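Student: Have a look at this one before I ask anything.
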Amino acid sequence: TGYNLTIVKEEPCDESNIVESIKKIIPGAEIESSLTAQVVINLPNDNTDQFPDVFRMLEFNRERFSIKGMGISCTTMEEVFLKAEKNMHDDDDDISSISTPVGAGTYQLIITKDDDCKVDQVTNLIQQYVPEFILMANMEMQIIFNLPARKRNQFGALFSALEYQKQNFRFKNAKITNSTTGDIYPKIDNKMNSKLNNDFGDNNNQRSLATGDDRFEPKQSSSNDVTQTLMPKYTSGINLMKNQFQVLLEKKIVYTYRRWVLSLFFGIVPILLGLLVMKASNYLMTTNETSQGLNISLSSYTDSSVYYRAGDTSSENLEPIFVAISKSNKATVHETSSESNIINDLLRMCKDDVFNYRTNLMIAGDFNQTKSTVIYNTIAIHTPGIAVNLYSNALLQKFSGNNGSYISTVNEPIRLNNVNICDEGLGLQLVMMWMFTFAPGLLYLIGYFIALPLNERVSGIKHLQIMTKLSPIMYWIACFVWDYFCYLIVVLLTLVGIYLMDKNELFSNINELGALLTILLIYGWSAIFYAYVYSYFQKTLVNSMLLFISINFILGSFINVGFFSLKDLIIFRNMINPFNTLNIMRIISLIIPHFAYSACVAGFINIAWENNMCKICKSSFTAEKCKNPIYSERKSYFVFKSSANQNGILEETLFLFFSSILYITIILLIDYKVFHRLYQFVFNKIIGTGDSYKDVDEDPDVGDERDKVDAAKTHSNDASSPLLLVDNLVKKFSFKFTGVRGVSFAVSPGECFGLLGVNGAGKTTTFRILTGDTFPSKGDASILTDKLYKLSSNINQYVSMIGYCPQFDAINDQLTGRESLKLMAILRGIPPTNTKKHVDKWIKLLGLDEYKDRVCGNYSGGNKRKLNTAMALIGDPPVVFLDEPTSGVDPVARRNLWQLLAASQRGGQAVVLTSHSMDECEALCNRLTIMVDGVMKCIGNIQYLKNRYGQGYTIMIKLSYIENFNVSELKSDIERQFKPDINLKDEHKGLLHYHITNPNIPLSEIFGQMKVIKENYRAIEDYTISDTTLEQVFIAFAKKQAVLNVTT
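Heads up: the sequence shown begins at 899 in this note's numbering, then just goes up one per residue.
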């Protein structure tokens, strides 16, 4: 990188002296390129401070070095890539650049031939005037020469001679253009051509470039031999289906492995929920040991009262200690008269306040020297123990003399291990817990199975796979087999956990385990297909899973609980009328797999509880209940509901199993585009098909192309038939807007057809129609190989003939480049034994060797485009659609890709290309059309379009600085020579840009006049004359689109 110093040379010019002098100032300077008229020297960025010294030195030695002019510019990225590629070519054994570089300082002369053009005589004539010419290409309709710019003084005479000999030499016209960067770019040599021909095959279908004023290219061989070469006899039938299933299964396994964290997480969730629900079930059915006794003391009761009577004042009396202990236990102490009987006092208190007597009076005491009596209230359960404890502590403290000594009394209950309570509501609790905890567990795993089909649908890679020989049925079978295998592993691990944690042996019986396993297996069968339907509703996995889980959690849990609570009412109403509203709503809900599954779980838990309740529970409630024969006999699970067994789940199980047929049908109807066809049919009936549309300004060439398509339809089996026919495509989006209007064209084997237009012109919609992604409102397309396949009637066979590189990268971001190409190769029918050879070939040709084993989701944008192009070309489909294939691709890879596409055309492939790169279109397209507002506005080969829609010629004049030079005089002289067909388009210091509007002015006259003008004005340093470019033609039509957008 750095700066490019361009020195325009005069003869004789000693380049070596110039370079050596510059290196004395900037040692890092080096020659970038040395051409006939100029030398380009690269100056490093680090030496910009020395640039003034370089220019002063060059100005001082201008005459000695024979320097005509100088200029400096920043190195562009394009130049960096071209330089790098040139170095690569120099080191590559298979690729080399041509010996004489062409480009800046050269012109490209294009001779459009007649059928019997005398090429040798044309070449000899050019050699007489410009001996240094280079013959670049001699093709079926064109001869392309490179002429050095320093000989342009001879161009006037050369064109005069060509115009004079035009009839004798039998050519149609001669045009000249400036060489482009693509022309400067080193061409691949015979070794590379030979390599490409070996890789692609060669049916002598050499691609033609721009060709005169013919509106159509001559037909190339389109016999069935060519198409059979394009579509080799790959595997078919059972072997193809087996290979496809194997590679799709490998893809699914790799996808799961590379997302192992998420896969493991969603697999563990249902197992953990199964363990959690079993632990909770054990807790509900089992009461743990009582671990804490009750301390027996007065403080156990609040607001307690104690009465006492002291019979005497003896020191041996226990009354003081008794009172102190009572007060320490927060009791209210009352003393009665020593003369009265305490019993009478208590009876009197009871008579006065019976409530206080029964609730607050706990203990009473009568004390004297010889006898102590303690009385307790029998209403409170623990007062006997409290009375004994209170008296015992009074004795202890009296005789020990220690007021802190204390005897505690604890009431310890009888310890029973694992007492099963089994109250009346336990069965309902188990049902609710399993419905809200266990039943939703598998939703997370099944919801995750949406990931692959969703990502492949959104990215577009699923559509590319279906466009091969792959049946949608096979695609979904492979997805289901692996998903169901993963589901089965999780289910078995969950059941093992339930079995191991089932302490009460509620589910350990073979009948219960078998019934639960059957429910889970059938649920997986139905729910996985049901989940696949959700892959069509959202564009991200998070949104899809949220939608899937929320809908099914509500249906499976809350609504199911409602129906479960109303089951007695539903049974009663069914006895009167089976078609009551509640039952109909329930039956409709059973179509949803998770609703039916939750109902099965609820019924299963109820029956399992009733079958094992008498064995598990020891309570009096269950003992009484188990005397009833209804509960002592085992009930079957898979039976219809009846008065004897209201929880039978056979109906729900049948709905669970057969609802899968509904969801399989929905998936296949979507993928076989039945719904899309129905929608388009209804849309056409309501909105219309655009039958009445007619472009009043239709170009005759477009009309001729339509006639050509009509004629090809009537004799579609002869050798001259096109490979691809597009017949009057119309696509309406509303009453007011029609995106594509009457597009018709034909593409022959070996032809590249360009579809150009600004954004919104209808290109992408046309591509989507032709690749089967959407249906037209009207029109059809067909591909003729060994048979005729129509878009309207044989869409699956039709799209299997197409390789497609969509506008946006269609890749599986978890596969490597090698795995992606292997997938597409086998799906197209290449045998697995040959797949590696095909994959390695395309990896090498597209420069993906370094990245082939990297996950392509981490590729750069350019490498993703190269991978998509390889996926379109692998397997040699007869027709290839490329939507901006080199967008974001570096210049080196872009030109390599052009060479590959040109080689594939020579093998007979028909290519339909859309691009915003005019260089790309000129390099690849034999013919092209430009679309404006959904309409083909022109069609033909590039040179024909330039001739017909060209806007004359462009003259660029470079002026050197001469003091007191009158530029106005020069401008007046130029305008007088070409008046009135010349306009000054732009003027900068030292540069004049003129446009000659009349394309019929002979080039000999233009070059002759400019030669005279240059001789008369020393200030003219250089000039260039160029023909109309394709970009100018495109912009002219693009302006019409802009006007339409403004007016609408």
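Note that CB positions come from ideal geometry on N, CA and C, so glycine has one too. All of these numbers come straight from a predicted model, not from anything done at the bench.
Pull up the CB-CB distance for residue 1767 and residue 1746, whole angstroms please, since I reckon it's below 8 Å.
Tutor: The Cβ separation is near 10 Å, so there is no contact.
Student: Between residue 1189 and residue 1249, what straight-line distance do the alpha-carbon atoms span, to the nearest angstrom?
Tutor: Low confidence applies here, because residue 1189 scores a pLDDT of 49, under 50, leaving its location unreliable; read the following figure in that light. Computed Cα separation, rounded: 43 Å.
Student: So residue 1033 and residue 1063 are supposed to be a Cβ contact under 8 Å. How far apart are they, rounded?
Tutor: Actually they are not in contact, since the Cβ atoms of residue 1033 and residue 1063 sit about 18 Å apart, beyond 8 Å.
Student: Have a look at residue 1374 and residue 1576 and give me their C-alpha separation to the nearest angstrom.
Tutor: Rounded to the nearest angstrom, the two C-alpha atoms are 23 Å apart.
Student: Check the C-beta distance from residue 1183 over to residue 1402 and give it rounded, since I have them as a contact under 8 Å.
Tutor: Sure, about 5 Å apart at Cβ, within 8 Å.
Student: Apart from the five residues on each side of it in sequence, which residues of its chain come closer than 7 Å, Cβ to Cβ, to residue 1568?
Tutor: So the qualifying residues of the chain are 1434.
Student: Return helix, strand or coil for residue 1285, following the three-state DSSP convention.
Tutor: Correct three-state label for residue 1285: helix.
Student: Using DSSP bridges, identify the partner residues of residue 928.
Tutor: Paired residues: 940.
Student: Would you call the CB atoms of residue 1664 and residue 1653 closer than 8 Å?
Tutor: Yes. Within cutoff.
Student: Based on DSSP bridge pairs, tell me the residues matched to residue 1264.
Tutor: Answer by DSSP bridge pairing, in chain order: 1207, 1271.
Student: Are there three or more Cβ pairs, one per stretch, closer than 8 Å when the stretch 1694-1703 is compared with the stretch 1745-1761?
Tutor: The stretch 1694-1703 is not in contact with the stretch 1745-1761.
Student: In this structure, how does DSSP classify residue 1701 when only helix, strand and coil are distinguished?
Tutor: In the structure shown, residue 1701 sits in a strand (DSSP, three-state: E or B).
Student: From the DSSP output, read off the bridge partner residues of residue 1636.
Tutor: In the DSSP output, where bridge partners are listed per residue, residue 1636 has 1630.
Student: Closest to residue 1200 by C-alpha separation, out of 1060, 1225, 1242, 1438, would be which residue?
Tutor: Looking at the Cα atoms, 1225 is the closest of the given residues.
Student: Is the distance from the Cβ of residue 1208 to the Cβ of residue 1215 below 8 Å?
Tutor: A contact, by the Cβ cut-off of 8 Å.
Student: Check the C-beta distance from residue 1871 over to residue 1911 and give it rounded, since I have them as a contact under 8 Å.
Tutor: That belief holds up - the Cβ atoms of residue 1871 and residue 1911 are roughly 6 Å apart, short of 8 Å.
Student: Is residue 1650 near residue 1822, with beta carbons less than 8 Å apart?
Tutor: A contact, by the Cβ cut-off of 8 Å.
Student: In terms of residue numbering, what span does the alpha helix (DSSP H) encompassing residue 1180 cover?
Tutor: First-last of the alpha helix (DSSP H) with residue 1180: 1158-1183.
Student: Taking the alpha-carbon positions, what's the residue 1932 to residue 1898 distance?
Tutor: Cα to Cα, residue 1932 sits roughly 20 Å from residue 1898.
Student: Among the candidates 1681, 1176, 1769, 1762, whose CA atom is the shortest distance from the CA of residue 1726?
Tutor: Of the listed residues, the one whose Cα sits closest to residue 1726 is 1769.
Student: Does the Cβ of residue 910 have 16 or more other Cβ atoms within 10 Å, making it buried, or fewer, making it exposed?
Tutor: Residue 910 should be labelled exposed.
Student: Can you list, in chain order, the residues of its chain whose CB lies under 7 Å from that of residue 1792, leaving out five sequence neighbours each side?
Tutor: Around residue 1792: 1784.
Student: Can you name the start and end residues of the beta strand (DSSP E) that residue 1811 belongs to?
Tutor: Looking at the DSSP string, the run of the beta strand (DSSP E) that includes residue 1811 is 1808-1812.
Student: Could you have a look at residue 1851 and say whether DSSP puts it in helix, strand or coil?
Tutor: Strand.
Student: Let's test the definition: count the other Cβ atoms within 10 Å of the Cβ of residue 1170 and tell me whether it reaches 16, buried, or not, exposed.
Tutor: Looking at its Cβ environment, which holds fewer than 16 other Cβ atoms inside 10 Å, residue 1170 is exposed.
Student: What number of angstroms, rounded off, separates the C-alpha of residue 1707 from the C-alpha of residue 1388?
Tutor: Approximately 35 Å between the Cα atoms of the pair.
Student: Express the C-alpha separation of residue 912 and residue 1901 in angstroms, rounding to a whole number.
Tutor: Rounded to whole angstroms, residue 1901 to residue 912 spans 34 Å at the Cα level.
Student: With which residues is residue 1890 paired in a DSSP beta bridge?
Tutor: For residue 1890, which the question treats as bridged, DSSP gives the partners 1855, 1885.
Student: Could you please give the first and the last residue of the uninterrupted alpha helix (DSSP H) stretch that includes residue 1683?
Tutor: Residue 1683 -> no alpha helix (DSSP H), and no H or E assigned at all.
Student: How would you write the range of the beta strand (DSSP E) that residue 1734 sits in, first residue to last?
Tutor: Taken as a continuous stretch (DSSP letters only), residue 1734 belongs to no beta strand (DSSP E), being part of the alpha helix (DSSP H) at 1730-1743.
Student: Return the Cβ separation of residue 1393 and residue 1419 in integer angstroms, given the expectation that the two are a contact with Cβ distance under 8 Å.
Tutor: About 11 Å; that fails the 8 Å criterion.
Student: Run the CB neighbour count on residue 1542, radius 10 Å, all protein chains shown included, and call it buried at 16 or more, exposed below.
Tutor: By the 10 Å Cβ count, residue 1542 comes out exposed.
Student: Of all the options 1502, 1149, 1298, which has the alpha carbon lying nearest to the alpha carbon of residue 1538?
Tutor: Per the Cα distances, 1502.
Student: Using DSSP's beta-bridge definition, name the partner residues of residue 1754.
Tutor: None, per the DSSP bridge assignment.
Student: Between the beta-carbon of residue 923 and the beta-carbon of residue 968, is there less than 8 Å?
Tutor: No, the Cβ-Cβ distance between residue 923 and residue 968 is not below 8 Å.
Student: Closer than 7 Å by C-beta to residue 1929: which residues in its own chain qualify, once you throw out the five before and the five after it? Chain order, please.
Tutor: Cβ within range, chain order: 1816.
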